[in-house]
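There are 2 protein chains.
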Amino acid sequence: MTTIIPSPELIASFTDIVGPGNALAMPAEIAPYLVESRGLYRGTTPLVLRPGSVEEVSRILQLASETRTPIVPQGGNTGHVAGGVPREGKADVVLSLERLNRIRDIDPVGNVIVADAGCILADIQKAADDVDRLFPLSLGSEGSARIGGNLSTNAGGTAVLAYGNMRQLCLGLEVVLPTGEVWDGLRRLKKDNTGYDLRDLFIGAEGTLGVITGAVLKLFPKPRGHQVAFAGVKGVEDALALFERASSLCGPALTGFELMPRLGIEFTTRHIHGVRDPMETVHPWYVLIDISTPDSAESAERMVESLLEAGIADGFIENAVIAQSDGQRKALWHMRESMSPAQKPEGGSIKHDVSVPVSSIPAFMAEADAIVTKAVPGARICAFGHVGDGNIHYNISQPVDADTQAFLGRWREVNAIVHAIVLKYNGSISAEHGIGQLKRDELAAIRSPIEIELMQRIKHAFDPAGIMNPDKVLRAD
Amino acid sequence: MTTIIPSPELIASFTDIVGPGNALAMPAEIAPYLVESRGLYRGTTPLVLRPGSVEEVSRILQLASETRTPIVPQGGNTGHVAGGVPREGKADVVLSLERLNRIRDIDPVGNVIVADAGCILADIQKAADDVDRLFPLSLGSEGSARIGGNLSTNAGGTAVLAYGNMRQLCLGLEVVLPTGEVWDGLRRLKKDNTGYDLRDLFIGAEGTLGVITGAVLKLFPKPRGHQVAFAGVKGVEDALALFERASSLCGPALTGFELMPRLGIEFTTRHIHGVRDPMETVHPWYVLIDISTPDSAESAERMVESLLEAGIADGFIENAVIAQSDGQRKALWHMRESMSPAQKPEGGSIKHDVSVPVSSIPAFMAEADAIVTKAVPGARICAFGHVGDGNIHYNISQPVDADTQAFLGRWREVNAIVHAIVLKYNGSISAEHGIGQLKRDELAAIRSPIEIELMQRIKHAFDPAGIMNPDKVLRAD
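Residue numbers (this note's numbering), protein chains in the order written: chain E, 1 to 477; chain D, 1 to 477.
(1) So, does the segment 467-476 of chain E touch the segment 199-219 of chain E, judging by three or more C-beta pairs under 8 Å?
(2) Distance cutoff 8 Å, beta carbons only. Does Glu451(D) sit that close to anything in chain E?
(3) Could one say the Cβ of Lys191(D) lies closer than 8 Å to chain E's Cβ atoms, at least one of them?
(4) Roughly how many angstroms separate the alpha carbons of Tyr286(E) and Lys424(E), rounded to a whole number?
(5) The alpha helix (DSSP H) that contains Phe364(E), what's its start and end?
(6) Alpha carbon to alpha carbon, how far is Ala31(E) from Gly43(E)? Give it in angstroms, no decimals.
(7) Using a Cβ cut-off of 8 Å, pull out every chain E residue sitting near Arg188(D), in sequence order please.
(8) Are Leu161(D) and Thr281(D) close, meaning C-beta to C-beta below 8 Å?
(9) Drop a sphere of 10 angstroms on the beta-carbon of Ser448(D), count the other beta-carbons inside from all chains shown, and report buried for 16 or more, exposed for fewer.
(10) Which residue's Cα is closest to the Cα of Lys344(D): Ala320(D), Ile322(D) and Ile396(D)?
(11) Does any residue of chain D have a CB that is nearer than 8 Å to the CB of Thr194(E)?
(12) Which bits of chain D does Ala127(E) rub up against, with CB to CB less than 7 Å?
(13) How many Å lie between Gln168(E) and Gly52(E) at the Cα?
(14) Tell me whether the beta-carbon of Val114(D) lies closer than 8 Å to the beta-carbon of Leu186(D).
(15) Would you say the segment 247-264 of chain E touches the segment 185-201 of chain E, given that touching needs at least three Cβ pairs under 8 Å?
(16) According to DSSP, simplified to helix, strand and coil, what is Ser503(D)?
(17) Decide if Ile5(E) is buried, meaning its Cβ has at least 16 other Cβ atoms within 10 Å, or exposed.
(18) Cβ of Ser138(D) less than 8 Å from any chain E Cβ?
(19) For chain E, check one thing: does any of its Cβ atoms lie closer than 8 Å to the Cβ of Arg156(D)?
(20) On the criterion of 16 or more Cβ atoms from any shown chain inside 10 Å, does Arg412(D) qualify as buried, or is it exposed?
(21) Under DSSP, the alpha helix (DSSP H) around Thr213(D) begins and ends at which residues?
(22) Grouping DSSP H, G and I as helix and E and B as strand, with all else coil, what is Tyr196(E)?
(23) Name the DSSP beta bridge partners of Cys119(D), please?
(24) Considering only C-alpha positions, which residue in the set Val54(E), Ser37(E), Pro46(E) and Leu40(E) is nearest to Ile17(E)?
(25) Tell me Gln74(D)'s beta-bridge partners as DSSP assigns them.
(26) To the nearest angstrom, report how far apart Pro136(D) and Lys222(D) are at their CA atoms.
(27) Please determine, among Leu454(E), Asn193(E), Arg245(E) and Gln227(E), the residue with the shortest C-alpha to C-alpha distance to Trp333(E).
(28) What is the residue span of the alpha helix (DSSP H) that His271(D) lies within?
(29) Starting from the Cα of Arg102(D), find the closest Cα among Ser96(D), Ala91(D), Asp116(D) and Asn111(D) and give me that residue.
(30) Quick check on Pro284(E): does DSSP put it in helix, strand or coil?
(31) Does any residue of chain D have a CB that is nearer than 8 Å to the CB of Val418(E)?
(32) Where do the ends of the alpha helix (DSSP H) carrying His80(E) lie?
(33) Does Pro178(E) have its Cβ less than 8 Å from a Cβ in chain D?
(34) Counting pairs of Cβ atoms below 8 Å between the segment 232-239 of chain D and the segment 361-381 of chain D, do you hit three or more?
(35) Would you identify the three-state DSSP class for Val387(D), choosing helix, strand or coil?
(36) In terms of residues, what are the limits of the alpha helix (DSSP H) holding His226(D)?
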């Protein structure tokens, strides 16, 4: 598709749909919609539209289809792969879902919440909490990420171990198709085997097949018992052995199992306000263990205590503490969630969101560490993440006193090194952040031609005019 | 597609691929492949092929594509919607997966099993058990159903409440596409957000998009505690109230919650060898409660006892028993699983596999009972099922002494009555059995044109020649 700057008439027609107050074009107004959260990508747009209803979204897409105008749906713009920002040097129109932020219904008996795609994740969590239910999706950016973006990237986060990704948390969807037609798939059913799984096709499609405007999400009874422990371990092997023990002993009550390196504890205690090392002893690695039991506080206590006893007896745990209050539980999670922001003051950081089969984590980490420190002497590897899911955020802070720009200039090179090891272990180059623009060409390079071809056929079947978020996930030509 | 009887040359070419011993054409040999499990459908075929490798499946499909020969993949032929049998009066070639029955790998540390699609479900359960792991999919026909069929129908069963449908139990797939190309999606990753969700598109597609030949399935640590209780309740409302209580008290430890009517207890005790009513009191409805705890037998005991105490205190339970041994636990489940076979000796039975939002179950049941008994005076409604999933097998036995054929002749009419009520409650006309031929035209009638259109586009994108299981799920023309 060649770049066609929309004519003033076309801009006026789009503006008519949402009203002049919700069609932004001034540089200062549109600036926040253009930059990907890490600043790696900066796009261009003639127009940001902020529709206030599904009907307006539909009219926008219909007009876009007729005029072959590329549309980029955007939620909270917290993504890490430049999937929600317009392309650079093109004339993509941004369609922000931010005004579609109504909770349509909440049913604590049926355990569902029906929400507009523009609802902020934290608001959904709060609405569930208000009716004594849990919406378990939880991630660092939950105060600004929006449900439509969470769905479009099949978001993961810290509760995947017990509750699954966004795909497992969604029962039904409402999607505006590229033509403006609305697919009403807002079902509240736990079981429904009636034809192809359209829902899961739109989830994780990063806005390239249509615009998600509403969703039925699952709620859960709130666990009555909640305990968080923090344990120092000798190495990644021991962390994995402890995970296996925890998983067998606690089953689905194991709601979090997060790995952190000593360096991460140093970064967070140094840079993040209020974070303190909860232990007096120093360990090479740490795990945060989160346990939720349905019935009582006592059962969670019993469980965390037996787990720590078993872990110490087995020799997997060097030292451990159990949070004694809600405040302490939050403080431990705050430390874990600060791992990524705490890297910023340390200079440039090259990031990887990868997964490998759980049992390959130690081998993958050892091999990656060796090759990366050889390629970038002095590199400070701060790899942390969701061990139970096999998902490691393999982040690399620049060497002390290195030139930040020169270090960041090696982003692709270092990615290639790490991803090669990931592939050796049959892993994924994007465990939870998606593909967007950042990993699009790499995906095409590593996947079989038939797999890319099947995806291209789906794209073409749903969006023959190629107006939906072009050049994301798949190359547009 | 018009019916073209394959030429002797084509038959010979197909036969060459699998060898003469595995290309069946004699009426006695092919008979078992033609009839759907309930006998409602009987198809025709010139040839049943039993390939012994993925390579042979690939060559069969390549030849079928070149010659436009319709192919019907078949697993254990235990389906209930005639999705796995050839069409009547056509010349579909049956491709049986029964010889592809090798377990390729089992990894108790990584908690995965990799299996050929033709493996029998019970064999997968056994292989998992042998390494102290659980493969939770469990259903009445598990002794003959095959994994490829379970995947192609997104099978449910009795453990969905805690573990999900087949879609939630599968990490990766190997699929032979209509052209014979093989998509290797045999990934072992819990998190992998790299493009469109091809896996979940093939799962539940009933063999209309390609032939699943292998899968990576999830295993789970075996629960150490297991308790089964059986409770008599006054009505469906009380059963649902008890479910809510159980779900909040036990969380994911609630691994089964099945509803049965008094009539079902009478049918099973009357006709099924070894089934006895476990209680001396008589109740209008019963629930089977299955609890599995990860850590210990004691925690399961504690949990089931507190649940029954709470249920009695709340007035939801009239009487209850707890199984005292593994034998008693099995006996209670055997009773539940005999609900459907026990209807056979009672004459004809018109069946519905429907779901509604969980909170609508009592209203749906009351309304359906009233309308059905009005339409078919004397009809004996034996509705049972997975209450926690909203999935009711709303089965209707013929009136005593009625003419069986005349009663079964009203199948479509009664279906229409029941399904109209299901749709009123925004339910599904196929909760777990799929669409096949039985519900294909009904699906087209009740779903929005755009939804059917999207499915047709997917079908066309994957199978442009229309050779894959034509006329199943969607009409072929």
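All C-beta atoms, glycine included, are put in the ideal place defined by N, C-alpha and C.
This structure is a prediction, so every number in the text was calculated from the model and none was measured.
Short version:
(1) yes
(2) yes
(3) yes
(4) 26 Å
(5) Ile361 to Ala375
(6) 9 Å
(7) Pro357 and Asn426
(8) no
(9) exposed
(10) Ile396(D)
(11) yes
(12) Per Cβ cutoff of 7 Å: no residues; Ala127(E) is ~18 Å from chain D at best.
(13) 28 Å
(14) yes
(15) no
(16) No answer is possible for residue 503(D): it lies beyond the span of chain D, which begins at 1 and ends at 477.
(17) exposed
(18) no
(19) One detail in the question is off: residue 156(D) reads as Gly in this sequence, not Arg. By this cut-off, Gly156(D) is an interface position.
(20) exposed
(21) That residue, Thr213(D), is in no alpha helix (DSSP H); its beta strand (DSSP E) goes Val211 to Lys218.
(22) coil
(23) According to DSSP, Cys119(D) bridges with nothing at all.
(24) Val54(E)
(25) Ser96(D)
(26) 10 Å
(27) Gln227(E)
(28) Arg262 to His271
(29) Asp116(D)
(30) coil
(31) no
(32) No alpha helix (DSSP H) holds His80(E); DSSP gives it neither H nor E.
(33) no
(34) yes
(35) helix
(36) No alpha helix (DSSP H) contains His226(D), which is instead part of the beta strand (DSSP E) from Gly225 to Val233.
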